[in-house]
Structures are given as C-alpha cells and as structure tokens.
Amino acid sequence: SARVASGQLPVWNDENPSQSSEKQGLPCDTKLLEVAESRVQREIEDLAVRDITSVTLAYCLAHCGSPELVSVLQRCCLERCRQFPTEQIATLLWSFATIRLGPSFFKEAQFDILERINQLSVPAVCDVLWAYCAARHRDPQFFKALLSVLAPSKVAGNSRCALLYPALLDISTHFPHMDPEGLERYMEYSGPAFRDAQKALAAPAEVLQSLSNEVGALELQHFEVLADLDGYVVDLLIHADNPGLTKPVVILYHSAPRTLHLRTNEPLGQTMMRQRHLRGQGFGVVNLWSNTWDQLDHEQRCSELSEKILQAQKHPTGNATVSAVSHA
Numbered sequence: 103s104a105r106v107a108s109g110q111l112p113v114w115n116d117e118n119p120s121q122s123s124e125k126q127g128l129p130c131d132t133k134l135l136e137v138a139e140s141r142v143q144r145e146i147e148d149l150a151v152r153d154i155t156s157v158t159l160a161y162c163l164a165h166c167g168s169p170e171l172v173s174v175l176q177r178c179c180l181e182r183c184r185q186f187p188t189e190q191i192a193t194l195l196w197s198f199a200t201i202r203l204g205p206s207f208f209k210e211a212q213f214d215i216l217e218r219i220n221q222l223s224v225p226a227v228c229d230v231l232w233a234y235c236a237a238r239h240r241d242p243q244f245f246k247a248l249l250s251v252l253a254p255s256k257v258a259g260n261s262r263c264a265l266l267y268p269a270l271l272d273i274s275t276h277f278p279h280m281d282p283e284g285l286e287r288y289m290e291y292s293g294p295a296f297r298d299a300q301k302a303l304a305a306p307a308e309v310l311q312s313l314s315n316e317v318g319a320l321e322l323q324h325f326e327v328l329a330d331l332d333g334y335v336v337d338l339l340i341h342a343d344n345p346g347l348t349k350p351v352v353i354l355y356h357s358a359p360r361t362l363h364l365r366t367n368e369p370l371g372q373t374m375m376r377q378r379h380l381r382g383q384g385f386g387v388v389n390l391w392s393n394t395w396d397q398l399d400h401e402q403r404c405s406e407l408s409e410k411i412l413q414a415q416k417h418p419t420g421n422a423t424v425s426a427v428s429h430a
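When we follow the numbering used here, the leftmost residue of the sequence shown carries the number 103, and every step to the right adds one.
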C-alpha cells in the first residue's frame, strides 16, 4: 500500500526485530519509491484513478519524488480531476499542499468539492481546509461551506482531525469576523491532537541541547525549549526581555524528511504554515538547515546564530502584539 511503501506503517523484520521500520511515523527507506519513479512516469496514463491517488499519496507521505515526477502526477490529476471520488480529491489536495505545489489543482478541484461536499468525511474536510490554507488559496465562502459540515462529536479526540487546528488558526487570522466563537470551539476540540503531532516532529534531543548551549553562550539567558506558541511547537524561543532584543525570536531546526522534502530540501507545507503564522504574530524566525548547521563547530554555530538572530530582529513581521512568554 501507499503507507507501507512510504514507511508510514511498520514493516516487521522477522530476522532482526530491532530493524523493523516503525519509527515515529516517519519514512525510513524510500528506495522502492525512487526506483519506481521512471516506471510511474511511463505508465501513469494507464493507471486507474484510485492507483494514481495511492501513488501520489505514497510519494507525498514520504516527502520524496523528483520535480519531474511531481509535475507528471499533477498534470495527470488535472486532466482527470472529474473522475476522482471526493475522498480521493481530498487526499490529493493534502498531498499537493504537503509538497507545496502551485494553485492549479486547487482551483480545478474547488468546484468538485462544493458540488459533492456531503460525500466528504469529517477528517477529509479537515484535510481540505488545511490544504487550501497551506496553498494560500483562501475563499471565505468556500471555507464557510466546508465548516458547515463539521460535527463536534466527529472532531473531538480524533487524531485524524489534527490539521483542522492550524487551518482554523489561519482562517481566523485572515478572516477575523468569520464566526470567531465557532472557530474557537473547534480549535479547542482539535488542538490537543495537533499539539501531540507537533511534539512528535520536534528536533532530536541532542540538537535541542546544542541549541541551548549556543544560545546560552551568547548570554541570552531567557529562553524556552519546545515552546508552545498558539499550538505550534518551536524548537527554541528566545524571549524579548533579553538584552538587545526588540521582539521574541524562535529558532527552527530543519531536516529531511521531518520538515524538508527529501529530494529538493525545500520546506514542506506544514513547515511554511508554522513560519507564516509565527511571523504574522510578530515573532522573529531563525531557520537552521541541518545539512549546513551540523557541519559547524561550537564557535561557528555561535557566530552564525548571532548573525541570524540580528537578521530576524530586522525582518518585517506582523503587527500582532506578542508577549515574552509562550502561549498556552
């Protein structure tokens, strides 16, 4: 299946159980997907729409696939958009938003979603809302139609609805008068599952310890590791009450496939959603790429971090007022 091929489900190794592939839900081996790329591109026109959905999902779950392959998949989905069942359209939208494709398929699929909206499950509605927010294709009437089919009993405590939280956070930011009480209520239902998902994707413990050491060496004593800011978990938050700071700064450590695409090393949809929200709320953002950061020694890291914190202070951010402490 798509989930097994991408490493999202455990594959048991009878000879050596310690090498079984269950590892925090992250893909551990994408060789099968890499080898299959050329064949997928050759035979994509002959695949049933269900198989096209599964193939697309596999590559996007694994955060891999060449730009050439993604282009072929997107073109095929555009040409056959009307043939996909509604739930599969939701899967494709989530997939393309995860790897940050352009708006073409989102525009094409919007009419189909509206026409068959009652065929969507509640988790699929949550995925669609998140996908359109991640793609920055924001239509308030479309959002209202999707929100109208949600049900509290289907959202509360459902981990499959975790992405509803960041979607509603984005919607409430851009459309503050769109049923603020209703959005807040659904954010309360979906928030715990989203926070759990965020914590599972945190930087490794040794990286967090190293960041703490470097920040401390810069005499920035007021900081917090794995701070929760409006539900988004950041690797390290430097509070604004440190000397020389005019606004709080968050440090985000990026690595593939956790927050970056394996092939292109570009940020994923969820990565950009977090950054856009934090900057919109007035936080300076420092991004550290593992492939360069990990090669530096302590002194080089301190120098690099000092420069990036200074740049983050100068980078334009939103007008929202942020406190020196993390948000509950």
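Glycine included, C-beta positions come from ideal geometry on N, C-alpha and C.
task: Could you spell out where the beta strand (DSSP E) holding G386 opens and where it closes?
output: For this step, residue 386 is matched to residue 284 along the sequence shown. Start and end: G386 to W391.
- prompt: Quick one: what's got a C-beta closer than 6 Å to Q190's C-beta in the same chain, skipping five residues either side?
  reply: Residue mapping note: residue 190 aligns to position 88 of the sequence shown, counting from 1. Taken in chain order, the residues that qualify are T155.
- request: Per DSSP, which residues does D330 bridge with? Please list them.
  value: One-based indexing of the sequence shown puts residue 330 at position 228. For D330, which the question treats as bridged, DSSP gives the partners V335.
message: Taking its Cβ as the centre, do 16 or more other Cβ atoms sit within 10 Å of Q126, making it buried, or is it exposed?
response: Against the sequence shown, residue 126 aligns to sequence position 24. With a pLDDT of 41 at Q126, under the threshold of 50, the modelled position of that residue is not reliable, and no figure is offered here.
task: Provide the residue span of the alpha helix (DSSP H) that contains H239, from first to last.
output: Reading the sequence shown from its first residue, position 137 is the one you call residue 239. For H239, no alpha helix (DSSP H) run applies, since DSSP gives it neither H nor E.
Collapsed DSSP secondary structure at I273 in the structure displayed: Here residue 273 refers to the residue found at position 171 of the sequence shown. Here I273 sits in helix by DSSP.
task: Report the residue from Q221, R141 and Y161 whose alpha carbon sits nearest the alpha carbon of L370.
output: The residue given as residue 370 occupies position 268 in the sequence shown. Ranking Q221, R141 and Y161 by Cα distance to L370 puts Y161 first.
task: Measure the C-alpha to C-alpha separation of H356 and A302 and round it to an integer number of angstroms.
output: Position 254 of the sequence shown, counted from the start, is the residue given in the question as residue 356. Position 200 of the sequence shown, counted from the start, is the residue given in the question as residue 302. If you take the alpha carbons of H356 and A302, they lie about 14 Å apart.
query: Whose C-beta lies closer than 8 Å to the C-beta of T348 among residues of the same chain, with five residues either side of it excluded?
result: Residue numbering aside, residue 348 sits at position 246 when the sequence shown is read from its first letter. Within the same chain, A342 and Q415 come within 8 Å of T348 by CB-CB distance, once the 5 residues on both sides are set aside.
query: Beta-carbon separation of L222 and A269 under 8 Å?
result: Working through the sequence shown from its first residue, we reach residue 222 at position 120. Working through the sequence shown from its first residue, we reach residue 269 at position 167. Against a cut-off of 8 Å, the Cβ pair of A269 and L222 comes out as no contact.
query: Near N389, what residues of its chain come up, given a Cβ to Cβ distance below 7 Å and the 5 sequence neighbours on each side ignored?
result: Your numbering for residue 389 matches position 287 in the sequence shown. Closer than 7 Å at the Cβ level, and outside the excluded window around N389, lie L354 and H356.
task: Return the first residue and the last residue of the beta strand (DSSP E) that V174 is part of.
output: On the sequence shown, position 72 is the one that residue 174 refers to. Not the beta strand (DSSP E): V174 falls in the alpha helix (DSSP H), residues P169 to E181.
task: Please confirm whether C179 and L159 have their CB atoms less than 8 Å apart.
output: In the sequence shown, the residue the question calls residue 179 occupies position 77. In the sequence shown, the residue the question calls residue 159 occupies position 57. Going by C-beta atoms, C179 is not nearer than 8 Å to L159.
- prompt: Given a threshold of 16 other Cβ atoms within 10 Å of its Cβ, counted over all protein chains shown, does D229 qualify as buried or as exposed?
  reply: Counted from its first residue, the sequence shown places residue 229 at position 127. Under the 10 Å beta carbon count, D229 is surrounded by 16 or more other beta carbons and is classified as buried.
- prompt: By how many angstroms is the C-alpha of L362 removed from the C-alpha of T394?
  reply: As a first step, residue 394 is located in the sequence shown; it is residue number 292 there, counting from the start. As a first step, residue 362 is located in the sequence shown; it is residue number 260 there, counting from the start. Rounded to whole angstroms, the gap between the alpha carbons of T394 and L362 is 14 Å.
- prompt: Taking all protein chains shown into account, do 16 or more other C-beta atoms lie within 10 angstroms of the C-beta of H279, making it buried, or fewer, making it exposed?
  reply: Against the sequence shown, residue 279 aligns to sequence position 177. So H279 ends up on the exposed side.
Beta-carbon proximity check, L380 vs D337, cutoff 8 Å: Position 278 of the sequence shown, counted from the first residue, corresponds to residue 380. Position 235 of the sequence shown, counted from the first residue, corresponds to residue 337. With contacts defined by Cβ atoms closer than 8 Å, L380 and D337 do not form a contacting pair.
- request: Consult DSSP for H356 and reduce its assignment to one of helix, strand or coil.
  value: Walking along the sequence shown from the start, residue 356 turns up at place 254. Three-state result, H356: strand.
task: Kindly indicate which residue of R152, S292, R403 and S168 has the alpha-carbon position closest to the one of L203.
output: On the sequence shown, position 101 is the one that residue 203 refers to. L203 has its Cα closest to that of S168, out of R152, S292, R403 and S168.
- prompt: How about the stretch 392 to 412 and the stretch 207 to 219: do they share at least three Cβ pairs that are nearer than 8 Å?
  reply: Result no; under three Cβ-Cβ pairs closer than 8 Å.
- request: Take F245 and list the residues in its own chain whose beta-carbon comes closer than 8 Å to its own, dropping the five residues that flank it on each side.
  value: Residue mapping note: residue 245 aligns to position 143 of the sequence shown, counting from 1. Closer than 8 Å at the Cβ level, and outside the excluded window around F245, lie L231, Y234, I273, F277 and M280.
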